[in-house]
């Protein structure tokens, strides 16, 4: 509380100095600067006095700015160091459904923090101005400082140094909200968590060694006739052929949705998959993914991950996984041509038709057609060189046989009746182990779609491999089980595809061959996935799951898309600079003013931004004669006069004019 007697308890010589100006009213003007020289002589800097003077409003200003800046830069540094900070799951859910309200809340908080910084800036400048009024200050400087403390522009042309200064501080204080908003607003972010994946290596020599003992016969020869997979064979081929003709297609295998093709992969999972309904005696297919040690992704609402060849690209916590080493898949290069293999092929394909297998039925009621690949070398236990069909007298059939050709295979399709457009088609079948880029759109495999993209880079030929043999057997079984007495599902689907391509239902040879090639490729890739699943199950071929020495490893990233704060570019740091500059300038001005006037004692209660205080102090100090009009010339002259802040008993604070002036 201001105490007039304390301020007036200076030596009588000081009081006499006030009378050296206008002797008619010694309170209104100080005409000699001697008082300030003598006061300065007595004002020695004392550290204890300085520290004690910081208590009160200086501590509020300095402490407030310090707290704001420490919070801002600590938060920024924490995000930079940790790479990300995620919102709790309930908050992330709220942001997902109420993004505009989330932005509104963060903007409101930013506005409050920016307003607090601006208030401290204004308070610090005003109080420092009062301290500095212990020494002469021109009215121009006084008014300009008051304007800047109020965050107003000083646009007078004769105040060249104040105009740019006011513009700078108006901008700095005005854009603080932007800086805080940039720092505090949660955004959709992607968090990277390292992953390790393992899967069976179909190129392993140990698999070939096991085949000689017959341990793999069930997975090689029997999977294509299992109830869970018999129907899927034609579906896989049809989806692949449709896609090759630019029609939309999807496919389901083991309750998992694929976008077009399985690409011969076994989907990688973080948990075990129940396989009892797919394979006899197999309990589960073990999860093949795990997080690298010391890494744990944040919890989320939806999850997705992928295995891709490239590195990571950069809401509701959605998980997305990329592997630098993509998954291993299986496919085949299939090339088909039309040939007359019944006469031109060596060894020849023999086609026999018998109409007497009808017992008591009419002679044309049932036709038995048999096809054999004469003198064909086939793998042991593999019946792919011979097939047959029972049809009615229309003989609508499609037959397929196969033969080993080096490490690859030759497949021969022949047809009759409604499927004569297929003629006799000969296809070379070259199996290979591939690298597949896989995207799992949801970690809950039964809710999302698996997208596959086979890469030619890094593909390895699978000549004589078990996966290729299993695929050829699956293709042969697919055609065989498609056959009925009047129709063949495989032939009908190829026919419908051609009809969709050609509105006039014309059978263009290139379209036919292309459809057959893609159909066979789709079935082969389907077979590769089933073969992998069969080998990978527990209590099947391997009681405890696939041994570690028969697996391959992939390293990747589990990308979590969520809401929160993430490491940003340097722009985020620049956005905090306006607030930092405002705080630095304010603290510097306050500390300088307090240090300079710490020994001056108490000061009159005067707020220069308060118009009532300003008018009362001007009247008490007799400044009514300083401003003679509002003309620019008179205002400019008046602002060159210097004033100090004093106290007049009975009148309170007074702006007292001195003889010190500033040249215009």
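Residue numbers (full-length UniProt numbering): 1 to 664.
Ideal placement from N, C-alpha and C gives every residue a C-beta, glycine not left out.
The structure presented is a predicted model; accordingly, all values stated were derived computationally and were not measured.
When the five nearest sequence neighbours on each side are left out, the beta carbons in the same chain lying within less than 7 Å of the beta carbon of residue 490 are those of 234, 398, 478, 479, 482, in order along the chain. Ranked by Cα distance from residue 101, the options 130, 187, 85, 178 are led by 187.
The beta carbon of residue 485 lies closer than 8 Å to those of 366, 390, 391, 392 in the same chain, with the five residues before and after it left out. Approximately 5 Å separates the beta-carbon atoms of residue 617 and residue 655; this is inside 8 Å, confirming the contact.
Judged by beta-carbon spacing, residue 507 lies within the 9 Å limit of residue 498, meaning their Cβ atoms are closer than that value. At a Cβ-Cβ threshold of 9 Å, residue 291 and residue 191 do not count as neighbours. Residue 181 sits close to residue 106, with the two beta carbons spaced by under 9 Å.
By the criterion of at least three beta-carbon pairs nearer than 8 Å, the stretch 212-221 is not in contact with the stretch 550-558. If one requires a minimum length of 4 residues, the alpha helix (DSSP H) runs lying completely within the stretch 410-492 are 466-482, in chain order. Around the beta carbon of residue 171, fewer than 16 other beta carbons sit within 10 angstroms, so the residue counts as exposed.
As summarised for the stretch 508-566, the continuous beta strand (DSSP E) elements at least 3 residues long and confined to that stretch are 551-566, given in chain order. In this structure residue 330 touches residue 525 by the C-beta definition: roughly 6 Å separates them, less than 8 Å. DSSP lists 369 as the beta-bridge partner residues of residue 389.
The C-beta of residue 612 has fewer than 16 other C-beta atoms within 10 Å across all chains shown, which makes the residue exposed. Secondary structure of residue 640 (DSSP, three-state): coil.
Beta-carbon to beta-carbon, residue 564 and residue 189 are separated by about 5 Å, close enough to satisfy the 8 Å threshold. Under the 8 Å Cβ criterion, the stretch 278-290 counts as touching the stretch 529-544, having at least three qualifying pairs. Going by DSSP, residue 335 is part of no alpha helix (DSSP H) but of the beta strand (DSSP E) stretching over 327-338. By the beta-carbon neighbour count (other beta carbons within 10 angstroms, threshold 16), residue 624 is exposed. For residue 273, same chain residues with a beta-carbon under 7 Å away, outside a window of 5 residues either side, are 284, 285 in chain order. Taking C-beta separations shorter than 7 Å and ignoring five residues to either side along the sequence, the partners of residue 626 in its chain run 638, 641, 657, following chain order.
About 6 Å separates the Cβ atoms of residue 261 and residue 452, confirming a contact at the 8 Å cut-off. Counting only residues of its own chain and dropping the five nearest sequence neighbours on each side, residue 653 has a CB closer than 8 Å to the CB of 604, 605, 606, 613, 616, 617, 620, 645, 646, 647. Rounded to the nearest whole angstrom, the CA to CA distance from residue 228 to residue 463 is 28 Å. In this chain, residue 395 is not harboured by any beta strand (DSSP E), its DSSP state being neither H nor E. In summary, residue 267 is buried, with 16 or more beta-carbon neighbours lying within 10 Å of its beta-carbon over all protein chains present. By the criterion of at least three beta-carbon pairs nearer than 8 Å, the stretch 576-594 is in contact with the stretch 164-178.
Taking C-beta atoms as the reference points, residue 256 and residue 583 fail to come closer than 9 Å.
Under the three-state reduction of DSSP output, residue 192 falls in the strand class.
If you draw a straight line from the Cα of residue 80 to the Cα of residue 587, it comes to about 27 Å. For residue 135, no beta strand (DSSP E) encloses it, and the DSSP letter there is neither H nor E. Taken through DSSP and simplified to helix, strand or coil, residue 219 comes out as helix. Below 8 Å, enough C-beta pairs join the stretch 399-410 and the stretch 380-389 to call them touching: three or more. Per DSSP, the continuous alpha helix (DSSP H) segment holding residue 96 begins and ends at 89-97.
Scanning its chain for C-beta atoms nearer than 6 Å, with the 5 sequence neighbours on each side dropped, one finds around residue 114 the residues 176, 177, 180, in chain order. Between residue 117 and residue 65, the C-beta gap is smaller than 9 Å, which places the two residues in contact.
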